[in-house]
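Trainee: If you scroll down you'll find the structure; I have some questions about it.
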Amino acid sequence: MSAPPPVRALVAVEAAAPATVAEALRAAVGLTLRGAAVEVILADPDRPLLPDAARARATLALFGHPVRGPAHLDAALASATVIEVWRDPPPAALTLRPGPAAEAGALLHLCRSTVAAPVAGVQVLHLDADDGWPDRVLDHLLAGGAVAVW
Amino acid sequence: MVSRLGLVLATGPATGDLARACALAHAARRRGLAVELFAMHDGVRALAAAPAAVLALLDDGCEVIACATSADRAGIDLARLGVTAGSQDDHAAVTDGRHRVVAFT
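Protein sequences appear in the order of chains A and B.
The working numbering applies: residue 1 is where the first sequence begins, and numbers increase by one.
The working numbering applies: residue 1001 is where the second sequence begins, and numbers increase by one.
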C-alpha cells in the first residue's frame, strides 16, 4: 500500500479563553503524532499561556513545528491540507483575518450563520444558508480543496 | 481516490456545530464515503447532549471517537453513548492525508 500524501495542518488559534487555547495547542501536538507538518498561528502570540499550553508550545517548537503570529496566516492557509480554527463561540468577534494571499490554494471558507465572511473577495460559503450546503462542501473537498470553518 | 471524510468537533452544544457535522456526515454517507468523527474538548459535551444524533451517526455507519481525556474531565461516560474512547492519536488518524477533513473547533 502506498504511503498517504503528506499532511500540512494549520491550527489557527483565535480563542481568547485560556483553556481553549490550551486545548488547541494540545490538539496541535496530537496532529503531529502521525507525521503531519503542523503550523500554529496564534492571534495574540504574546498572551501568557496556561502551563499545559506553554508545555505544548515548547513541544511543538522542539520538534520543528512553528508557532507564530497572525502575519503568517495567509501563507499557512494557502498551503494547509487540514485547517482547524479554534475560536470562542460565535458571535465572538474574529481577530484573525485572512487576506487575498490565502486564496493561493484551493480554499473554501465556511462561515457559521452568525459570523460575517472573513474578508471580501475570498471563496465563502455560509453554513445553514440553504439545505444544499453539505453537498457543496463535499464537492469542494472531493475536488481536492481544503476548508476552514470560521 | 478519496473515500473517507474526517470530522473534528471541539465545540459545545450551543454552537450548533454537531448538527452541521452530522449533516455533512450523512451527506457523505449518501455518496458512499466512509466517515469518522473525532470529538474533543467541548465537542464531547456536544455528543453527550445529543445522544439521538450520535445514534443516528452510528446507525448510518459512521465511526464516532472521542478523546478520553476530554470525556474524563467532563465526567462523560462514552461507552454509555456508544462512542469509542480514543486519544490524540485518533485525532491524527482522522486527518490522514488520504482523507478530507472539516474541523469545527
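Virtual Cβ for every residue (Gly too), placed ideally from N, Cα, C.
#1: Can we say the segment 127-146 of chain A touches the segment 1058-1074 of chain B, given the rule of at least three CB pairs closer than 8 Å?
#2: With a Cβ-Cβ cutoff of 8 Å, do Ala-1103/B and Val-1008/B count as a contact?
#3: Going by CA-CA distance only, name the one from Ala-1092/B, Asp-1096/B, Arg-1100/B and Val-1101/B that's closest to Ala-28/A.
#4: Sort Ser-2/A, Ala-143/A, Ala-16/A and Ala-17/A by Cα distance to Thr-81/A and report the nearest one.
#5: My parser needs the beta strand (DSSP E) runs of 3 or more residues fully inside the segment 63-147 of chain A; what are they?
#6: Note down, in chain order, each residue of its chain lying with its Cβ closer than 8 Å to the Cβ of Val-7/A, except the 5 sequence neighbours on either side.
#7: Would you say Ala-146/A and Val-85/A are within 8 Å of each other, going by their C-beta atoms?
#8: Could you name the residues of chain A that Val-1083/B contacts, counting a contact when the two beta carbons are closer than 9 Å?
#9: For Pro-98/A, is the classification buried or exposed, using 16 other Cβ atoms within 10 angstroms of its Cβ as the cut-off for buried?
#10: Name the residue from Leu-1033/B, Thr-1015/B and Ala-1050/B whose alpha carbon lies nearest to the alpha carbon of Ala-112/A.
#11: Count the other CB atoms, across all protein chains shown, that sit within 10 Å of the CB of Ser-1070/B; report buried if there are 16 or more and exposed otherwise.
#12: Check whether chain B comes within 8 Å of Ile-83/A, counting only Cβ atoms and requiring the distance to be less than that.
#13: For Met-1040/B, does the count of other Cβ atoms within 10 angstroms reach 16, so buried, or fall short, so exposed?
#14: Buried or exposed for Arg-1031/B, please, with buried defined as at least 16 other CB atoms from any protein chain shown within 10 angstroms of its CB.
#15: Just the chain A side, please: which residues come within less than 8 Å of Arg-1029/B by C-beta, in chain order?
#16: For Trp-86/A, go through chain B and note every residue whose CB falls closer than 8 Å to its CB, in chain order.
#17: With Val-11/A as the anchor, note down where its beta strand (DSSP E) starts and where it stops.
#18: Examine chain B for any beta-carbon lying closer than 8 Å to the beta-carbon of Val-40/A, and answer yes or no.
#19: Give the straight-line distance between the Cα atoms of Ala-78/A and Ile-41/A, rounded to the nearest whole angstrom.
Mentor: On the basis of the supplied data:
#1: no
#2: yes
#3: Ala-1092/B
#4: Ala-143/A
#5: 82-86, 107-111 and 124-126
#6: Cβ within range, chain order: Leu-31, Arg-34, Gly-35, Ala-36, Ala-37, Thr-81 and Val-82.
#7: no
#8: Against Val-1083/B, chain A offers no close residue; the least beta-carbon distance is about 18 Å (beta-carbon pairs closer than 9 Å).
#9: buried
#10: The sequence shown places Arg at residue 112/A, rather than the Ala named in the question. Arg-112/A has its Cα closest to that of Thr-1015/B, out of Leu-1033/B, Thr-1015/B and Ala-1050/B.
#11: buried
#12: yes
#13: Burial call: buried.
#14: Around the beta-carbon of Arg-1031/B, fewer than 16 other beta-carbon atoms lie within 10 Å, marking it exposed.
#15: Going along chain A, no residue has its Cβ under 8 Å from Arg-1029/B, so there is no contact; the nearest lies around 11 Å.
#16: Ala-1010 and Thr-1105
#17: 8-13
#18: For Val-40/A, no CB of chain B lies under 8 Å from its own CB, so it is not counted at the interface with that chain.
#19: 13 Å
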